[in-house]
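Below: one structure, written as structure tokens.
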Amino acid sequence: MSTIKKILCPIALAGLMSACNSPEATNTTQNESVNRAKPDQHNIVMIIVDDLRPVLGAYGDKNAYSPNIDALAKQGLTFSKAYANVPVCGASRASMLTGLRPTKNRFIDYKAKAEEDAPGAKSLPQVLKESGYYTMGIGKIFHNGQDLAEESWSEKLQSSGLPHATRLNPDSEQYLKANKKNPKKPKGPWYEIADVANEAYPDGKVKQKALIALEKLANKKQPFFLSVGFIRPHLPFYAPKKYYDLHPETKFEPFFHREQPKNAPKSLKGSGEIHSYHFKEYEFNSDTFHTASLRGYYASVSYIDALVGDVVKQIDQLGLRDNTTIIFTSDHGFHLGEHNFWTKHTMLDTALRVPLIIAGPSTKENMNTDALVELLDIFPTVTEITQTTPPVNIAGESFTSVLNAPSVNHKRQIYSRFKAGDSIVTEDFIFTSYQAENSQIEEMLFDLKKDPHETVNVVNQAEYQAKAAELREKLAACMEQQQCQTH
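Read in order, the letters of the sequence shown are residues -25 to -1, 1 to 462 in mature numbering (1 follows the signal peptide of the UniProt record, and there is no 0).
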């Protein structure tokens, strides 16, 4: 494989955010649409998995079965401290794909749309498209498929053609729960085991379309950006039987700390999303419910692992690997029974931390990095790899320097928010400030080095007062004045 020097310009190698010093770069404005790409320019394949926390073999999870994603990690760089900017899909994706930070009025919930919350903002695929790239999206990229669709894609975004909760096991029909949003379409059980092929479920059909897209893109005389979005392990945990067979319930135990974190504020609440599904004969949050849920989540992850493996294999078979960077990530983390919480929607590390694996000619192979990054940093990183110019107003910062030197630092702190909660995350701490219903401020501080499972809120302990004051000040400056100090 070629080295990073063959891909990034000298300015990029120096770690600066300016574009390459070429006539095209210096004379082209942000709003011009000029095809300045070259046929041999770098390709990007970005795989986004919904609701995936780092339960992968590459991250040391002993219960995981993820051989294909683990193999990708060995071919590239694994980020241990990558964070979502919002712990909910729509807002997170809008932030990630525009490089803009969420605010109290922008990128709030799962319904967030970039074209409505940030008028005039350009998406990552749009910038590449305007720079001569052929851009395609398969599956769930933005939460709403129409979000910036005309601007972003060279051809119409392709979905699976099936609802994400498509039921394939006839037994599921006896477990239906009224759907408040759509009474005519009741939701089924929260997990399903069906003896079907990978391609029967929506994600399998997305994979099939991705393979066809790659073959098409390989024959084009221009570089491409392909984003592939898989739904699982998002609820409901529906996956082919062979992946459930990999994960018997006996291998799982409920999380050891099922209570609220000690000294947690009242504003810390879990998500109610899981309650929209039928629990069969299980009692919610019983031990058996926990083990069944863990089994369903891990089976869903193994299912997606197989599909990711098929996509990567196609890239290799088409001879694209030497000039293609693969980015694998998720939109946010996921609670699996910690503190009796399920899914996302909290400002805890578990709901914010995501897997991020990057493999390509511009990355070191089979290495890990503790560099602190946030999802909105992906935008400028990709534009630097592809020698394209990002919008001047994005908040993300390129981490290309980390790709070739995993031991270097990227940021000292990153920021996330969700509705009434704002968080700042450092190497060792996560500090959160909530605007409570009575307008009072409630706070949390967790020492992630001593208490990685976030069991004790230490914000009021004497030995942490200096740290709390420091993080409180930085967080306030970021969220109230948009002066987000990252270094």
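Glycine included, each C-beta is placed from N, C-alpha and C at the ideal position.
When the options are compared against residue i, the one with the closest alpha-carbon
i: residue 342; options: 42, 318, 233 and 49; result: 49
i: residue 307; options: 286, 318, 52 and 329; result: 329
i: residue 171; options: 192, 198 and 142; result: 142
i: residue 192; options: 232, 113 and 243; result: 113
i: residue 36; options: 276, 370 and 452; result: 276
i: residue 127; options: 152, 95, 437 and 148; result: 95
i: residue 261; options: 405, 204, 337 and 317; result: 317
i: residue 287; options: 194, 244 and 187; result: 187
i: residue 314; options: 431, 139 and 82; result: 431
i: residue 168; options: 214, 135 and 184; result: 214
i: residue 176; options: 149, 441 and 205; result: 205
i: residue 311; options: 324, 299, 304 and 300; result: 324
i: residue 248; options: 26, 452 and 362; result: 26
i: residue 216; options: 157, 185 and 144; result: 144
i: residue 152; options: 451, 251 and 139; result: 251
i: residue 138; options: 178, 121 and 110; result: 178
i: residue 399; options: 61, 340, 200 and 92; result: 61
i: residue 305; options: 121, 46, 51 and 58; result: 58
i: residue 289; options: 362, 185, 221 and 355; result: 185
i: residue 69; options: 16, 326, 350 and 355; result: 350
i: residue 426; options: 441, 443, 437 and 403; result: 403
i: residue 463; options: 124, 53 and 110; result: The structure shown does not extend to residue 463, since the chain is modelled only from -25 to 462, so the question has no answer here.
i: residue 110; options: 80, 129 and 93; result: 129
i: residue 140; options: 166, 442 and 458; result: 166
Residues near residue i in its chain [Cβ-Cβ closer than 6 Å; skip 5 each side]
i: residue 28; result: 308 and 309
i: residue 202; result: 21, 112 and 116
i: residue 154; result: 160, 161 and 162
i: residue 43; result: 280, 283 and 284
i: residue 401; result: 388
i: residue 245; result: 316
i: residue 65; result: 85, 86, 87 and 118
i: residue 219; result: 168 and 274
i: residue 1; result: Summary for residue 1: the model assigns pLDDT 31, below 50, so the residue's position carries little reliability; its value from the coordinates is reported in the next sentence. Contacts found: none.
i: residue 417; result: 240, 242, 409 and 411
i: residue 424; result: 403
Same chain, Cβ closer than 7 Å to residue i, neighbours up to 5 away in sequence not counted
i: residue 12; result: Caution applies to residue 12, whose pLDDT of 48 falls short of 50 and renders its modelled position unreliable; the value that the coordinates give is listed next. Closer than 7 Å at the Cβ level, and outside the excluded window around residue 12, lie 106, 107, 108, 197 and 198.
i: residue 377; result: 344, 346, 383 and 385
i: residue 357; result: 19 and 99
i: residue 63; result: 84, 85, 307, 319, 320 and 393
i: residue 150; result: 163, 164, 253 and 255
i: residue 124; result: 132
Outcome for residue i when other beta-carbon atoms lying within 10 angstroms are tallied against a minimum of 16
i: residue 208; result: buried
i: residue 182; result: buried
i: residue 115; result: buried
i: residue 146; result: exposed
i: residue 237; result: exposed
i: residue 23; result: buried
i: residue 223; result: exposed
i: residue 67; result: buried
i: residue 211; result: buried
i: residue 242; result: buried
i: residue 101; result: buried
i: residue 148; result: exposed
i: residue 136; result: exposed
i: residue 453; result: buried
i: residue 7; result: At residue 7 the pLDDT is 36, less than 50, meaning the model places this residue with poor confidence; the figure from the coordinates comes in the next sentence. The residue is exposed, with fewer than 16 neighbouring Cβ atoms inside 10 Å.
i: residue 82; result: buried
i: residue 462; result: exposed
i: residue 414; result: exposed
i: residue 158; result: exposed
i: residue 263; result: exposed
i: residue 362; result: buried
i: residue 297; result: exposed
i: residue 259; result: exposed
i: residue 16; result: buried
i: residue 195; result: exposed
i: residue 397; result: buried
i: residue 93; result: buried
i: residue 122; result: buried
Whole-number beta carbon distance between residue j and residue i, since they are thought to touch under 8 Å
i: residue 103; j: residue 89; result: Going by Cβ atoms, the distance from residue 103 to residue 89 rounds to 16 Å, so no, they are not a contact pair.
i: residue 293; j: residue 132; result: Incorrect: roughly 22 Å between the Cβ atoms, too far for contact.
i: residue 302; j: residue 353; result: 7 Å
i: residue 232; j: residue 428; result: 6 Å
i: residue 332; j: residue 120; result: Between residue 120 and residue 332 the Cβ distance is about 25 Å, and since that is not below 8 Å, they are no contact.
8 Å Cβ shell around residue i - same chain, five flanking residues per side excluded
i: residue 439; result: 420, 422 and 433
i: residue 174; result: 180, 182 and 183
Cβ-heavy atom distance, residue i to the ligand HEM, below 7 Å
i: residue 75; result: For the ligand HEM, the structure offers nothing, since it holds no ligand at all.
Contact between the region 214 to 232 and the region 263 to 275: three or more CB pairs below 8 Å?
yes
For the 8 Å Cβ check, are there 3 or more pairs between the region 436 to 449 and the region 399 to 414?
yes
Quick test of the definition: if touching needs 3 or more C-beta pairs under 8 Å, does the region 73 to 82 touch the region 365 to 381?
yes
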